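A.B. asks: Pasting in a structure now, in structure tokens, and then I'll have a few things to ask.
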Amino acid sequence: MPTYLMDALKKGYTIDIEDFMEKAGSDIMQDSLRELQRLLNTEIPITRHFHLTVGAYNERMLRLDAPLAENVNHAGTAFGGSLSALLTLAGWSMLWFMLQEYGLQGEIIIQDSTCRYLAPVTKDFSAYCYRPSNEQLGRFEKMLRTHRKGRLELMADIREGDIQAVSFAGRYVVRLF
1 MPTYLMDALK
11 KGYTIDIEDF
21 MEKAGSDIMQ
31 DSLRELQRLL
41 NTEIPITRHF
51 HLTVGAYNER
61 MLRLDAPLAE
71 NVNHAGTAFG
81 GSLSALLTLA
91 GWSMLWFMLQ
101 EYGLQGEIII
111 QDSTCRYLAP
121 VTKDFSAYCY
131 RPSNEQLGRF
141 EKMLRTHRKG
151 RLELMADIRE
161 GDIQAVSFAG
171 RYVVRLF
């Protein structure tokens, strides 16, 4: 039991189990976000040059953030290579979280991807990778557990306000250790 809860009980406070579960879930998620940040910085060192940060993860999406200042091109907008890399890493990170949820470990590889640059990115930006449907995830997990490898297509984008600035579709392969 976390120290803050033990201290509260010693002082005679009652604990709302829903509050406890929310706090515990939040602590676990923060630990996972920090672990992913550490992993990206150590295993994929170029992420340090982008000043990439792991922003958020939930049941619908994963968000990676990057400042424009470290990813700017000659025109004062975000460099296309940085945008593509951040989107690719968002997909990689989504799969890392899925493997954690499945209790599996494996090598995540981008097999193929397409980026469409639809509008310039003029501010600090975020890449959003969207979680596939439960049906797709079920097939993916079954492939992993049956064949020790699986393939999954992920969609992601970068928005400039309400406008989709970059769209991304990537096919990833996972091979279990």
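Under full-length UniProt numbering, read the sequence shown as residues 1 to 177, first letter to last.
Idealized CB from N, CA, C, for every residue including glycine.
A quick note: this is a predicted structure, and the numbers were derived from the prediction, not measured.
Distance check for N73 and R60, CA to CA, integer angstroms please.
C.D. replies: As a position in the sequence shown, residue 60 is number 60, starting the count at 1. As a position in the sequence shown, residue 73 is number 73, starting the count at 1. Between the alpha carbons of R60 and N73 lies a distance of about 31 Å.
A.B. asks: Report yes or no: do the region 144 to 154 and the region 63 to 78 share at least 3 C-beta pairs separated by less than 8 Å?
C.D. replies: no
A.B. asks: Excluding sequence positions up to five away, which residues of its chain have a Cβ less than 6 Å from the Cβ of T114?
C.D. replies: The residue labelled residue 114 in the question sits at position 114 within the sequence shown. Within its own chain, the residues whose Cβ lies closer than 6 Å to the Cβ of T114, once the five positions on either side in sequence are excluded, are A169, listed in chain order.
A.B. asks: Around the C-beta of G91, are 16 or more other C-beta atoms found within 10 angstroms, so that it is buried, or is it exposed?
C.D. replies: Within the sequence shown, residue 91 is the residue found at index 91, counting from 1. G91 should be labelled buried.
A.B. asks: Quick check: the region 154 to 169 against the region 126 to 137, are there 3 or more CB pairs under 8 Å?
C.D. replies: yes
A.B. asks: Quick check on A165: buried or exposed, where buried means 16 or more other Cβ atoms within 10 Å of its Cβ?
C.D. replies: Residue mapping note: residue 165 aligns to position 165 of the sequence shown, counting from 1. With 16 or more Cβ atoms within 10 Å of its Cβ, A165 is classed as buried.
A.B. asks: Kindly indicate the opening and closing residues of the alpha helix (DSSP H) around E153.
C.D. replies: Start at 1 with the first residue of the sequence shown, and residue 153 comes out as number 153. Here E153 belongs to no alpha helix (DSSP H); instead the beta strand (DSSP E) covers K149 to E160.
A.B. asks: Would you check whether the ligand HEM has a heavy atom nearer than 7 Å to the C-beta of D124?
C.D. replies: Here there are no bound small molecules, and the ligand HEM is not part of this structure.
A.B. asks: Among the residues of its own chain, which have a CB less than 6 Å from the CB of M143, if the five just before and after it don't count?
C.D. replies: Stepping through the sequence shown from its first residue, residue 143 is reached at position 143. Answer for M143: G150, listed in chain order.
A.B. asks: So what's V166 in DSSP terms, helix, strand or just coil?
C.D. replies: As a first step, residue 166 is located in the sequence shown; it is residue number 166 there, counting from the start. Correct three-state label for V166: strand.
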